[in-house]
Amino acid sequence: MKETVDGIIGAGGFQMIINIVIILLKIAAVVAVALLHVAYATYWERKVIGHMQVRLGPREVGPFGLFQPFADGIKLFFKEDIIPANADKPLFYLAPVIFFVAALTSLSVLPFFNGFVIADINVGLLFLFAMSSLGAYGIVLSGWSSNSKYAFLGGMRSASQIISYEIAMGLSLVGVMMLAGSLNLTDIVKAQQQYPLGIFAIPQILGFFVFVVAAFAETNRLPFDLPEAESELVAGYFTEYSGFRFALFFLGEYTGMLIMSAIAALCFLGGWGLPAFITNNVPHILALVLGLFWFLIKVYAFMFFYYWIRATLPRYRYDQLMAIGWKLLIPLALANIVLTGLVKIWVKGIL
Amino acid sequence: MLPKLFFGYFAVVITVLSILVVTRRNPVHSVMWMLLLFFNLASMYLFLDAEFIAAIQVIVYAGAILVLFLFVVLLLNLREELKADRFIGSWPAGLIVAAAIMVSMVFAINSFVPGPMGTYSIDYIQKETYTKVLGEVLYTEYLFPFEIASLILLIAIIGAIVLAKKRMRS
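Chains A and B, in that order, are what the protein sequence lines are. Taken in order, the first sequence gives residues 416 to 766; the numbers are from this note's numbering. Taken in order, the second sequence gives residues 8 to 177; the numbers are from this note's numbering.
Put into C-alpha cells, the structure is as follows:
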C-alpha cells in the first residue's frame, strides 16, 4: 500500500495523505462537538435565565425539555426563506456564511487538551483576532444588503462596537503574550504552570478585567447588545433574515461566545494545565482526559458568567458603550502593558 | 514544483481580484473583492514563511482599514456609481507610462543579483520563529526608524483631532 502510493505521488506521499486524513477527522470531531455544545448552550441559557427569573424554562420536548435545541433546529430548517425585494442578493446570501465561517475557523487553533489542536501555528492568538475581525464583515454586510433601516443601523452600531473593542481586547492579551513569551496558545498554557495556581489571571488581573468586558462587547451580549436592542431596532442586523440564514447568525453568535470562553480559559485561567503531582502520578491517557475535563469546566463557568450577567444587568446607552471602550478599557490595557513590562525587567525572579 | 504551482495560483488570483476591485460599478462589491484580495496577499506572505506579517495584514488591512472604507461607502449611500463619457480620452498616455514601467521592470528583473546570505537564513528563522526574529531586529537594529514611524503616526492622530475640534467650535 505505502509503496504503491509513494510510487504515484513521490516519496513521502503516503505520509502526507495519512496526515491529511487525520486532520480531516480532527476537524469533523471538533466541528461536531462544538455545534452540539452550541445547541445545548442555547438550552442551558434558557434554563439558567428561566430559573434566575423564577420561571422553569423549556420543559415540553423530551425529559426536562432536553430535546428543545433539536426541535428549534428542525423548525428553523423548514421555515420559509424570505428575501426582501430590494436586497442586494449575492451579499445577502454571503453575509451569514461569512459570519459563521469566521466563528468556526477560530476553532482550528484552540488546544482542547495537551497535544490536541487542529493547527498548532506560531501566531495562534493573532489568527483569532484576524478571524474575529472577519466576522465584523458578516454583520456590516447583512445590515447593508437587507436594505432596511433597522438592519442598517444595527449593522453600523455593531461594526463600530466590534472594531473599537477589538483594540482593547488585543491590548489586554499583550500582557499574556509578554509573560508567556509566545503567541502560540499551547505555549501560553504551558507557561502558566510556573505561576501561582497555574493561572495568568492573578498577575494579569487588569488584563483579565479588560478582556472579560471586551469579550462581552465583541460577542454583542448584554450589557453591550445595542446592535440588537429589541426596543429600538427590532432585532438589529439580522432583522430581515429568516429560516436557516437566521439560524446561521444564531449559531455564529453562540460559537463566538464559546470561543471567547475558550480564549479566557486558555490565556487567563490555565487551560488544560494540571498540577504536576497529578500528571506525575496518573497514567498519561488519564491525565489527558482530566485536562480536557478541567478545560471544559472553565469554559462552562465562563459561559455561565455570560448568562448570569445577561440576567442581572440592564443595557448601556450607545455613547456610554463607546466611552467605556475608548476612555476606560484602552488606557487600562495600555497601563497593564507598561506595568507588566516594568515588573518583568525589574523583578526577574517573580515573573 | 508545488511551490511554483502555489505561487502561480496566487499571482493569477491576485491580479484578477485587483482588476475586479477597480472595475465594479457597486462600491460595496469593490470593497468585498478587496477583502478577498487581502486574504490572498496574506496567503502569499504565509507562503514566504512570514506568518506574523500575514496575520497583521489581515488584522490591520482587512480588519481595520477596509472596515473604514466600508463605513465611508455605506454612509455616503452610493448604490451605483454614475458613469459619464469623458471629454478627453487619456488611454494613450496611460498605455505609454504602463509600457515604460513594464520595460524597466523587465530590465530590472534580468539584471537582478541575489545578495550575500546574512544571519537570517530560512532555517534560522524557522528555528527561532519568525515573530521573535522580527521583534529582535525591529527593537535593536531598526529601533530609530521604528520610533520615527510611530511619531509620524502620532502626528497624524493629533492632526485629525485638531481638525475635528475646530469644526466643532465653529
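We put the CB at the ideal spot given by N, CA and C, even for glycine.
Three-state secondary structure (DSSP) of residue i
i	result
Phe692/A	helix
Phe528/A	strand
Met798/A	Since the displayed chain A opens at 416 and closes at 766, residue 798/A lies outside it and no answer follows.
Ile95/B	coil
Phe615/A	coil
Leu747/A	helix
Trp687/A	coil
Glu655/A	coil
Leu24/B	helix
Phe13/B	helix
Met8/B	coil
Leu766/A	In this prediction, Leu766/A has a pLDDT of 49, which is less than 50 and means its spatial position is unreliable; what the coordinates show is noted afterwards. DSSP places Leu766/A in coil when its eight states are reduced to three.
Asn562/A	coil
Thr634/A	coil
Leu161/B	helix
Ile432/A	helix
Ser646/A	helix
Phe493/A	coil
His47/B	Note that residue 47/B corresponds to Asn in the displayed sequence, not to His. Three-state DSSP puts Asn47/B in a helix.
Thr126/B	coil
Phe485/A	helix
Ala18/B	helix
Ile712/A	helix
Tyr731/A	coil
Proximity winner among the options, relative to residue i (alpha-carbon distances)
i	options	result
Ser657/A	Val469/A, Ile536/A, Lys490/A	Lys490/A
Tyr669/A	Thr634/A, Glu655/A, Pro505/A	Thr634/A
Leu540/A	Asn562/A, Ala444/A, Gly596/A	Gly596/A
Phe54/B	Pro123/B, Tyr131/B, Lys11/B, Leu160/B	Lys11/B
Tyr731/A	Leu666/A, Leu637/A, Leu705/A	Leu637/A
Phe46/B	Arg31/B, Met112/B, Phe17/B	Phe17/B
Leu749/A	Ser676/A, Leu525/A, Met584/A, Phe482/A	Met584/A
Leu728/A	Ser521/A, Ile464/A, Leu543/A, Ala677/A	Ile464/A
Lys713/A	Cys682/A, Asp640/A, Lys742/A, Tyr733/A	Cys682/A
Ala677/A	Ala650/A, Ile435/A, Val453/A	Val453/A
C-beta atoms of residue i and residue j nearer than 8 Å
i	j	result
Ile582/A	Ile438/A	no
Phe720/A	Phe492/A	no
Phe397/A	Ala679/A	As displayed, chain A neither begins before 416 nor continues past 766, which places residue 397/A out of reach and without an answer.
Ile66/B	Ser548/A	yes
Ala551/A	Val74/B	yes
Gly558/A	Gly569/A	yes
Phe615/A	Pro511/A	no
Tyr652/A	Ser587/A	no
Ala566/A	Glu655/A	yes
Phe544/A	Ile536/A	no
Ala606/A	Leu744/A	no
Distance cut-off 7 Å: residue i Cβ against heavy atoms of the ligand FAD
i	result
Ala69/B	The ligand FAD is not part of this structure, which contains no ligands at all.
Q | Members of the region 117-148 of chain B that neighbour chain A once the beta carbon cut-off is set at 9 Å | A | For the region 117-148 of chain B, the beta-carbon criterion of a distance under 9 Å to any beta-carbon of chain A is satisfied by Thr136, Tyr137, Thr138, Lys139.
Q) Does the count of Cβ pairs from the region 582-594 of chain A and the region 686-702 of chain A closer than 8 Å reach three? A) Short answer: they don't touch.
**Q.** Contact between the region 753-762 of chain A and the region 497-508 of chain A (3+ Cβ pairs under 8 Å)
**A.** Touching, no, given that fewer than three Cβ pairs across the two stretches are closer than 8 Å.
Q.
Would the region 698-709 of chain A count as touching the region 719-735 of chain A if we require 3 or more Cβ pairs under 8 Å?
A. Judged by Cβ distances under 8 Å, the region 698-709 of chain A makes no contact with the region 719-735 of chain A, as fewer than three pairs qualify.
Q.
Under 7 Å, CB to CB, which of the residues in the region 526-538 of chain A have a partner in chain B?
A. Correct list: Ile536, Asn537, Val538.
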